[in-house]
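First the structure, in the form of structure tokens, and then the observations on it.
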Amino acid sequence: MTAAAPTVPGVRPFGLARADFLKLRKRRGLFWTTTVLIVGPQVVAYGILAILHAANPGHHGPAGGIENLGHGLSVLALVGSIGAIIAGASAGADDLSSGVFRELVVTGRSRLALFGSRVPGGLAFVLSFAFVAYAIAAVVSMTANGELPAPSLTLVLESGLWVFAELAFYFLLGLGVASLIGSKAYTIGILLAWRTAVSHILVSISALGVYRDMFPDVPFDRLAPGAVEEFVRDVPRVSISLAAAVLVLVLWVAIATALGAWRTATRDV
Amino acid sequence: MAEGDYVVETQGLTKRFGKRTVVRGVELQVPRGVAFGYLGPNGAGKTTLIRMLLGLTRPNAGTMSLRGLPVPKRRAEALSRVGAIVEEPRFHGHLTGRENLAIVAAARERETFTRIPAALERVGLVHRSDDRVRTYSMGMRQRLGIARCLMADPELLILDEPMNGLDPAGILEFRQLVRALVDEGRTVMLSSHILDEVEKTCDYVAIVDRGEIVAMGPIAELQGEGQPRVLVGVDETAKALEILSGAPGVTDVSSENGVIQATLADIDVVPELNRRLVEAGIPVRRLEPMRASLEERFLAITSRLEDTE
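Those protein sequences? They're chains F and Z, same order as listed.
As numbered in this note's numbering, the first sequence has no gaps in its residue numbers, which increase by one up to the final residue, 310.
As numbered in this note's numbering, the second sequence has no gaps in its residue numbers, which increase by one up to the final residue, 325.
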């Protein structure tokens with residue numbers, strides 16, 4: 042090792058994103074929590090349905106079919122999004138709380154690049170669990186439908202995109218908020234309350250009128266594939282256009298990540 | 017020393033937290049290829065200065081450059097060959113030592129990955145590199161922190177209180193490592209409040225007090241500043257004291273445990289003192305110059321500052 046003239050470093054492609062993925066994957070508590078919250082409910086729900094059907098086929102229908110796909114995705118979207126929030130909070134705050142963020146900053150790498158790498162790294166982590174959970178729902182729905190109508194391939198694919206979008210949304214929300222406030226615990230507390238109670242209450246207040254469209258549950262219900270929409274509905278029906286639904290979700294993510302990026306770039310460490 | 021020979025240079029660097037000024041107009045020049053001690057008591061602003069140099073916090077005023085490159089303007093380029101430990105090295109405890117190095121290597125140039133094995137080898141952590149860092153001792157974490165610095169193939173290492181938490185053997189090992197790094201042509205800038213360690217490890221020093229640099233230069237020069245002193249060993253202490261106190265060029269004289277300490281206006285008067293004692297019939301058993309320690313210089317400087325307040 043010798044001293045040399047100043048050079049601009051050429052970095053390994055996706056090196057930081059892979060590092061962020063590694064940090065999340067090797068955190069055992071997070072790994073098992075995410076498994077339990079995203080994959081676990083699918084295993085339990087479809088397992089119980091299959092056992093009930095096998096025990097009493099006359100009284101309990103098969104585990105597959107369109108309706109059960111809707112219920113399965115509904116559970117995945119609700120419970121899985123909590124797993125995604127926890128993963129997002131971890132991706133956003135762990136470097137800071139452990140002090141490693143400082144060690145990364147002194148490499149000279151831009152703080153925005155350090156923030157930006159958390160997005161692909163964390164999404165790869167969350168969506169790998171989501172894919173396993175979705176695969177269970179898709180396979181069971183299409184193969185264990187008995188006499189019930191099986192979902193079409195299009196419906197299965199659309200359902201997959203919808204549930205991936207919802208989990209990715211809550212991951213990014215968790216990442217943005219955790220990067221903004223710098224605390225994993227507070228982020229999880231705030232977003233858990235929002236996801237499970239506050240947003241539902243606000244959407245139920247009809248006096249809020251069209252402003253309810255701004256809460257993420259409404260656009261996500263609007264974006265749900267038609268055949269499963271009534272089974273995955275999270276909140277009372279509120280009319281919103283497709284474009285507005287997409288715009289609302291994009292704005293939420295853009296604002297949360299922009300605030301997280303800004304704080305990451307300006308924070309004293 | 018010509019401009020450009022400094023690997024760290026600051027002009028009027030100032031940092032305030034609210035109404036409190038922590039770093040006050042610091043003009044620092046760290047020559048290349050030396051071990052440079054940034055010495056001061058706790059709360060003198062050492063860590064804050066280092067944090068500004070590394071882009072961890074922004075100064076309120078002043079300019080700075082690392083490796084001849086202005087920061088923050090060319091910060092990425094400047095820091096690409098800088099290794100640093102601020103306060104204590106931090107890691108993800110759930111990852112192994114090797115994985116922690118890989119995470120930081122991902123933020124640097126791609127060749128950094130290839131330097132991980134050599135860095136672990138150099139700090140003697142190869143056998144524990146696949147263990148989780150949460151099982152490491154304080155000393156091992158310090159060594160892993162050094163390995164992380166070495167991955168950058170650094171021209172400059174900035175180490176903040178690097179000897180904190182090290183046992184005597186670890187301190188000795190660390191001192192040898194610093195000297196070895198300097199011998200390779202690298203510059204090591206370390207901050208410390210332990211005068212003795214800076215004196216033993218560094219070639220240059222800046223003494224900082226209350227956010228200001230109060231003295232800076234080669235340690236040997238700083239030690240040599242002030243009035244020279246000699247130790248005189250004789251059998252007849254009282255008589256010798258009387259002769260020396262009346263001799264020209266002696267500004268102060270005292271004795272302790274039978275050894276006389278004389279402070280001189282000029283070291284050249286020593287032969288004359290010897291002659292006077294011998295002519296008075298006092299055999300001189302010992303006559304040696306006293307080397308001022310950095311600690312004495314430091315205390316002299318800081319007490320002078322207190323006197324002026």
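Positions of the beta carbon are idealized from the N, C-alpha and C atoms, including for glycine.
Checklist line | Rounded C-alpha distance that separates residue 312 of chain Z from residue 55 of chain Z | finding: 13 Å
Check: How about residue 107 of chain Z: is its C-beta nearer than 8 Å to some C-beta of chain F?
Finding: yes
Item checked: Whole-angstrom distance between residue 113 of chain Z and residue 144 of chain Z, CA atom to CA atom -> 7 Å
Item checked: Coil, strand or helix - residue 148 of chain F by DSSP -> coil
Notebook entry, point to check: Looking only at C-alpha atoms, which of Z:75, Z:255, Z:148 sits nearest to residue 297 of chain Z?
Noted result: Z:255
Checklist line | C-alpha gap between residue 81 of chain F and residue 174 of chain F, whole angstroms | finding: 8 Å
Next item on the list: Pick out whichever of F:182, F:209, F:135 has its Cα sitting closest to the Cα of residue 156 of chain F.
Entry: F:135
Check: Hey, is residue 253 of chain F's beta-carbon within less than 8 Å of any beta-carbon in chain Z?
Finding: no
Next item on the list: Closer than 8 Å, Cβ to Cβ, to anything on chain F: give me those residues from the region 247 to 266 of chain Z, in chain order.
Entry: none
Note to self: Taking 8 Å as the threshold (C-beta atoms), are residue 204 of chain F and residue 118 of chain F in contact?
What the structure shows: yes
Next item on the list: Can you tell me which of Z:253, Z:127, Z:310 puts its alpha carbon nearest to the alpha carbon of residue 233 of chain Z?
Entry: Z:310
Checklist line | Classification of residue 79 of chain F by the beta-carbon crowding that lies within 10 angstroms, buried from 16 upward | finding: buried
Note to self: Quick check: what's the CA-CA separation for residue 178 of chain F versus residue 116 of chain F?
What the structure shows: 11 Å
Next item on the list: Find out if the Cβ-Cβ distance for the pair residue 71 of chain Z, residue 91 of chain Z is shorter than 8 Å.
Entry: yes
Notebook entry, point to check: Going along the region 70 to 83 of chain Z in order, which residues come within less than 7 Å of chain F, judged by CB to CB distance?
Noted result: 70, 71, 72, 73, 83
Item checked: Supposed close pair residue 196 of chain F, residue 266 of chain F - CB separation, criterion 8 Å -> 6 Å
Note to self: Between residue 145 of chain F and chain Z, is the shortest Cβ-Cβ distance under 8 Å, so that the two count as touching?
What the structure shows: yes
Item checked: Meets three-Cβ-pair contact criterion under 8 Å: the region 166 to 182 of chain Z and the region 85 to 104 of chain Z -> yes
Item checked: Spatial distance of residue 45 of chain Z from residue 123 of chain F (CA atoms) -> 53 Å
Check: For the region 48 to 80 of chain F, which residues have a CB atom closer than 8 Å to at least one CB atom of chain Z, in sequence order?
Finding: 48, 49, 50, 51, 52, 53, 56, 57, 59, 60, 63, 64, 67, 68, 69
Checklist line | Contacting positions in the region 111 to 129 of chain Z - beta carbon closer than 9 Å to chain F | finding: 111, 112, 115, 116, 118, 119, 120, 121, 122, 123, 124, 125, 126, 127, 128, 129
Check: Since residue 149 of chain Z and residue 111 of chain Z are thought to touch, with beta carbons under 8 Å apart, how far apart are those beta carbons, to the nearest angstrom?
Finding: 6 Å
Notebook entry, point to check: I think residue 254 of chain F touches residue 218 of chain F, with their Cβ atoms under 8 Å apart; what is that distance to the nearest whole Å?
Noted result: Not a contact, Cβ separation roughly 21 Å.
Next item on the list: Reducing DSSP to helix, strand and coil, say where residue 52 of chain Z ends up.
Entry: strand
Check: Under the rule that 16 or more other beta-carbon atoms within 10 Å means buried, what is residue 283 of chain F, buried or exposed?
Finding: exposed
Item checked: Those residues which DSSP pairs with residue 24 of chain Z across a bridge -> Z:46, Z:82
Margin query: Looking at chain Z, is there any beta carbon in it that lies within less than 8 Å of the beta carbon of residue 184 of chain F?
Written below: no
Next item on the list: Name, going along the chain, the residues of the region 133 to 164 of chain F whose beta-carbon falls closer than 9 Å to a beta-carbon of chain Z.
Entry: 135, 136, 139, 140, 141, 142, 143, 144, 145, 146, 147, 148, 149, 150, 151, 152, 154, 155, 158
Notebook entry, point to check: Among residues of its own chain, excluding the 5 on either side of residue 208 of chain Z, which ones have a beta-carbon nearer than 7 Å to its beta-carbon?
Noted result: 53, 55, 177, 179, 214
Item checked: Beta-carbon separation (whole angstroms), residue 225 of chain F vs residue 131 of chain F, contact threshold 8 Å -> 6 Å
Notebook entry, point to check: Considering only the beta carbon of each residue, do residue 266 of chain Z and residue 278 of chain Z sit closer than 8 Å?
Noted result: yes
Note to self: Can you find the residues in the same chain that come closer than 8 Å, C-beta to C-beta, to residue 245 of chain Z, ignoring five residues on each side of it along the sequence?
What the structure shows: 277, 278, 279, 280, 305, 306, 308
Next item on the list: Rank Z:108, Z:264, Z:67 by C-alpha distance to the C-alpha of residue 69 of chain F and give the top, closest one.
Entry: Z:108
Next item on the list: Please classify residue 45 of chain F: does DSSP put it in a helix, a strand, or coil?
Entry: Reliability of the predicted coordinates at residue 45 of chain F is poor, the pLDDT of 44 falling under 50, and no value is obtained from them.
Note to self: Beta carbons nearer than 8 Å to chain Z: which residues of the region 295 to 310 of chain F have them?
What the structure shows: 309, 310
Item checked: Start-to-end residues for the alpha helix (DSSP H) that takes in residue 277 of chain Z -> Premise fails: residue 277 of chain Z lies in the beta strand (DSSP E), 275 to 280, not in any alpha helix (DSSP H).
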